[in-house]
Structures are given as structure tokens and as C-alpha cells.
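Residue numbers (my numbering), protein chains in the order written: chain A, 1 to 259; chain B, 1 to 316. First the structure, in the form of C-alpha cells, and then the observations on it.
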Amino acid sequence: MRKRPVWLWIAAAAGYAFLYVPLVIVVVYSFNDSRLNAEWVGFTLDWYHKLFQNEEMLAAAGNSLVIALVASLASTLLGTMAGVAMYRYKLRLLPILVLTPIAIPEILMGVSLLIFFVLLNFTLGLVSVAIAHIAFCIGFVAIVVRSRLAGMDESLTEAARDLGATPWNAFRYVTLPLIMPGVIAGALMAFTLSIDDFVITFFTAGAGTVTLPLQIYSMIKIAVTPEVNAVSTLLMLLTLALIIIASRLSPNLFSAEEE
Amino acid sequence: MGAAVDKSSAPAVRSAPNAKLGKWLVVGPPLVYLLLFFAIPTLIMVLASFRTPGEFGGLAPLFDEAGKLDLNLESYTRFFTESVYAEVFLKSFWYALLTTLLCLALAYPLAALIAKSPKRHRNLLLLLVILPFWSNFLIRIYAWMIILGPQAVVARTVNALLATLGREPVSLLFSSFAVLICLVYVHLPFMVLPLYANLEKHDPTLLDAAQDLGADAWQRFWRITFPLSLPGVYAGAALVFIPAFGIFAIPDILGGPDDSLIGNVIKQQFLETRDWPFGSVLSIVLTVVALALAGFAAWVGRRSLGNPSSAKGADA
């Protein structure tokens, strides 16, 4: 291990502060007894009370949860298949289709799906948003599952096959339990990506459907209000919980070593 | 990645048609889904860029009244003749480039500190860099609305200072400054990750050798660490540049009237002007330029490795 000079500590501490101070401010002001978000006046839970009486916000949260549940389940199923397929077979088309949505600017996927749905006369709403979310989540799940497979002893599956297990049984009783932490981590990742998505949702939701990020967007376009701080705080807690679970299940999910 | 062995040709117990069926049961569903909801929509958009805008927005029929296929280059011609769009592209390019450089300056000490930390602390320190990235994108923009707001401490301090100098007060919010600081804030983790992955693999004996030969800290950094880290720098640059180039929410919320970037123009073409062919042209040009620059960065990154034997496993 190399020695770490003082200036490096200072520069890195400034970096961490830059990352966290803005989020801490959002959380702190969610308990502030003032509309202005400018200085600390006193502690209150009013903004949380208001939040739970705001029907638009609750409806938006409901939509977000439904979409995230559907999108994470479907993309976990399809993404696990894609991860297994990309690990086991030499494929050309599938890896391109799985990885490009991650590499291209998000707005491209949003507008192309908008054109697609409108040309098909497909009503924009919860279903179109869920379809779009599944499409961009598959890649993330596939990457996590594939890296889990790469770290696993493939001879176990081969042993099961040699002992007479059908391909399905070998997968079901040997491979799947071994990659399960990766699958669950992928599912949690897909859930957070879906519940947080703004850009693609913005283009595929249509006028009548509002998700939590869209609701936040329209609120902060008008004004700063501590109700947004309150909903942000709750959303951060939810994401934090999911990420902690995911990183417990798949310890190298967030280590960059596999880049 | 592990060896991509085609298992369908492995043990003889399996009959060939069964293995083929198994392969398609795994490959088929994600392939069909992504063809249907990613590849086809993208192709439709490419086709749309050659079509005529509809009278009331959207697209005019693909076949005109005479039954002729109506495809043309008008939207492309418009893009290349009206200089205002090239200017927006150039402005977006500068914003994205500046964001990339500022991210690099902030990310380097973070990545270096994590790489030099004891192994047991590294994952936690890294997780702390990534965590803010997982909080909602809009929340992170909103945080800067609060910090830079006219009644907040920062703006009051700046304006009090300006007042003592006899200058007019400024608005920090709705400015290029707000857009840029938020762009850096949102994309910083993308730069730290590949940089760390690279720095972590550096061979410390190289630095010891340089020190023994009389190189000071400054020389050791610029002549050993930095050149070896270039693959990580270019990878991070690509990861920051692409999303920053196409952003629309940040200028939309934090920017002033002059901060409209290419993402904002695309959004406007699709949702307000409803000129889909032209919006498609802009989206395609954006993607092509972004991917070309990223590909270029990856290519330079690989070349910059130089003599691989001197950089033990420094390739990220």
C-alpha cells in the first residue's frame, strides 16, 4: 500500500463533500418549518403530512411502483436469459442488442419509442412506459448475471449433466441457485432504475400518466417546495435500502474490477 | 469474460436438436423483445428522418396521394444549411467537454485515494462515490436549485460581495454556471469508476524505482502515474461525455434562455413543434457524434498504452 499525502486526503474529502452536501441539504430542509428552503427555522414533519394528503403525488407514487414491479420482474426474467445466453453461446446479434441501449444517449431511446407507439396507435400510458423500462433494464440485469456466471465453477453444471440431469434440471437445480444472488441483485437494480427513470418515461408516458419523477419535474419547474424535499428523502431511503440489499447479495456488483 | 464455450456441442449424451431447442429457448425471448422494442423503433426513427413532417405534426403518410414513396433529404438539408442547429451542437459539445474536464479534475484525487487505501476499505469508499448516483436524477438537480436559489446562503454571500465592489447582483440559478456545476455533479461517478479500476492495477514498484532514481512527486505523477492511467481517463471521458452531450433536463430546469442544448431542441421538436423528421435527424446526429467521439476515445486509450510490458496490467 502506498502512502497517502495530506493534500490527497483534502482533495478527496472535498470530492466526497461535493457529492453529499447537496443531498444532505435536501434531506435536512424536508424537516424545516419554512416554505423557502433557504435557512433553518425549526423542526417539523408538516411536509410529510402534506405529502401523504397530496393525491396527485400518491397516484404518481402508485404508478411508479406498479411500473417498477412489472419492469423489474420482466426484465429480470429476460435479462437472466440474455446473461446466460451471452455466457454460454457465441452470439453476435444479442450482445449488441443488450448492450447498445446502455451505451447510447437515453433521449434516443425515448424518442424512438415515442414514434413507434404513436405510429402503432398504441395508447401512451402505464403499459408503454413499462415496455420501455423493460427494454433498457434487460442490459443491466444481463451484465450482472453474466459476471456472476463468469465467477462460477462451470464444472458443477457439467457434473450434473454427466450424472444424467436434463439441461433444464441442471439449470434449475445447479446453475440457478448458484447465480441467484446475481439475479436478485439485477432485479433490485432494475427496480431502482425503473423507479428513478425520467428521460425515457418523459417521452413514453403521454399526457395522462404521471410517475413520481414526472410529478417531481412538474413541481420543481414551477417552484421550490419542501414537499419535494420530503418525497425526495423517502425516495432516497427506498433506493438506499435496495442498493444495500443488492450489494450484500452480489458483493462485486459495485467493484469496478470487471470493467 | 470467461470462455464462451458453445455447450451445445459438448457431451455426446445430448441429442443435437434438443440442444438447439434449448439454445433458442434462452436466446429467443430477450432477442425478440429487444428486436421489437429497441431495434425496430430505432430503425423506424431512422426511416422517419427521411420522411415529410405531417400537416398537424408527426409524420405525413409514407406514400403520397399518387401512391409514391415519400422519402427525402429535406430534414438533413435543413440541418446542414441552417447554422443555428450546428451552433447548438457546438454549444452542447463545449458544455460536455468542459463537464468531462472538470469531472476528471475532481475524480482523479478521489480515485487515487481509493486506489491507495487498504483493500478492506476500497469497496466502501467506492460505494460512497456511487451511492449519490443512485438517488433520483431529478432530486440531484433539485438540490442545486436549493443551493443556488436567490435566498440561499451562497447567492446572498456572492451578491453581498458584489455589492461591496459596487457591482450589480447576479442570479446563480438559471445560468450557465448552474447548468455546468450540476452536469459535473451528476456525472462525476462515471469518471471515478474507470479511473479507479485503472489506478488500482498500477504496479507500485514503478514509483519506488522512480523515487530511487531521484524523481520528485510531481515528476512521478506526470511521467508515470498519469500516462499509465490514460486508458482509464479515456474510458471515463466517454462515460461522462455521452450522457452530458444529450442532456435536456438540467438546462431545462437550471438553465437560462441561452442554455438550450441539443437535448432541449430535440425535446422541443418532438413535443412542441412536433416536427418528427427533423427531431429524428437531430437525435441521429447526436447519437452518431457521441458514439464516434466515444469510439475515438476508446481507440486513443488503447493506443496510449504504449509499451504494454512497462505497464503491468494497467489496461482497465
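Glycine included, each C-beta is placed from N, C-alpha and C at the ideal position.
Spatial neighbours of LEU162(B) in its own chain (CB-CB distance under 8 Å, excluding positions within 5 residues in sequence) are listed in chain order as GLU168, PRO169 and VAL170. Collapsing the DSSP output to three states places GLY263(B) in a helix.
In this structure, the alpha-carbon of SER75(A) lies about 34 Å from that of LEU180(B). Using a CB distance below 8 Å, the part of the segment 94–125 of chain A facing chain B consists of LEU94, LEU97, VAL98, THR100, PRO101, ALA103, ILE104, PRO105, GLU106, ILE107, LEU108, MET109, VAL111, SER112, LEU113, LEU114, ILE115, PHE116, VAL118 and LEU119, ordered along the chain.
Annotation for THR157(A): ALA170, VAL174 and THR175 place their beta carbon closer than 6 Å to its own, counting only its chain and skipping 5 residues before and after. Counting only the Cα atoms, PHE43(A) lies some 34 Å from VAL199(A). The Cβ neighbour count for GLY67(B), taken over all protein chains shown within 10 Å, is under 16; the residue is labelled exposed. Interface annotation for the segment 146–165 of chain B against chain A: ILE146, ILE147, GLY149, GLN151 and ALA152, criterion Cβ-Cβ distance under 7 Å.
PHE171(A) carries a helical assignment under DSSP once its states are collapsed to helix, strand and coil.
Taking C-beta separations shorter than 8 Å and ignoring five residues to either side along the sequence, the partners of GLY206(A) in its chain run THR123, LEU124, GLY125 and SER128, following chain order.
Looking at the DSSP output, ASN32(A) sits in a beta bridge with PHE43(A). Flagged as an interface residue toward chain A: TYR142(B), by a C-beta distance shorter than 9 Å.
Here SER49(B) really is in contact with PRO277(B); their C-beta atoms are around 6 Å apart, less than 8 Å. At a cut-off of 9 Å between C-beta atoms, PRO61(B) does not count as an interface residue with respect to chain A. Residue-level contact check: ARG88(A) touches chain B, since one or more beta carbons of chain B fall below 9 Å from its beta carbon. With a contact defined as Cβ atoms closer than 8 Å, ALA11(A) and PRO30(B) miss out at about 43 Å. In the DSSP secondary-structure assignment, LEU69(B) is bridged to PHE63(B).
Counting only runs of 4+ residues, the alpha helix (DSSP H) found wholly inside the segment 137–176 of chain B occupies 137–148 and 153–164, in chain order.
Going by DSSP, GLU106(A) is part of the alpha helix (DSSP H) stretching over 106–119.
When rounded, the separation of the alpha-carbon atoms in TYR29(A) and ASN229(A) is 7 Å.
DSSP places ASP196(A) inside the alpha helix (DSSP H), whose first and last residues are 176–196.
Counting C-beta pairs closer than 8 Å gives fewer than three between the segment 68–75 of chain B and the segment 209–219 of chain B, which falls short of the contact rule. Beta bridge pairing from DSSP links GLY58(B) with ASP275(B). Residue environment analysis places GLY149(B) among the buried positions, since at least 16 neighbouring C-beta atoms fall within 10 angstroms of its C-beta. Taking CB atoms only, GLY255(B) has no neighbour in chain A less than 9 Å away. Taking the CA atoms as reference points, THR225(B) sits about 8 Å from LEU199(B).
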